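Engineer: Below you will find the structure I want to go over with you.
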Amino acid sequence: MVSKVFRIELEPINDFITMEGLEAKIKRIAGGVGLRVISALPVDETAEQSESDNLPAEIKESPA
């Protein structure tokens, strides 16, 4: 099976959705369209963005 890594930026549109709840919603949405979320990790971009002229941080995959 083929897998791909995507970087998706999300933010809640109201105060009723917590960041923890957001991860659960992402997993439910993906499951509804036949996808499985293998991992969903928050990314701290502040340090890397300041060094790279506000470009998004790179996702570094761990060795298999």
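If you count the sequence shown from 1, you need to add 716 to reach the working numbering.
Built from N, CA and C at the ideal position, the CB exists for glycine as well.
Source: prediction; values computed, not measured.
Give the DSSP-derived three-state secondary structure of Lys-720 in the structure shown.
Structural biologist: On the sequence shown, residue 720 is found 4 positions in, with the first residue counted as 1. If DSSP states are grouped into helix, strand and coil, Lys-720 belongs with coil.
Engineer: Output the distance between the C-alpha atoms of Glu-739 and Leu-751, rounded to the nearest integer angstrom.
Structural biologist: Here the question's residue 739 lines up with position 23 in the sequence shown. Here the question's residue 751 lines up with position 35 in the sequence shown. Using only the alpha carbons, I get a separation of about 14 angstroms.
Engineer: Helix, strand or coil for Ile-742 per DSSP?
Structural biologist: Taking the first residue of the sequence shown as 1, we reach residue 742 at position 26. Helix at Ile-742.
Engineer: Could you tell me the distance, in whole angstroms, from the CA atom of Ile-813 to the CA atom of Gly-747?
Structural biologist: Since the first residue of the chain shown is 717 and the last is 780, residue 813 is not available in this structure.
Engineer: Smallest Cα separation from Ser-719: which of Ile-733, Ile-754, Arg-744?
Structural biologist: Here residue 719 refers to the residue found at position 3 when the sequence shown is read from its first residue. Checked all of Ile-733, Ile-754, Arg-744; the closest Cα to Ser-719 is Ile-754.
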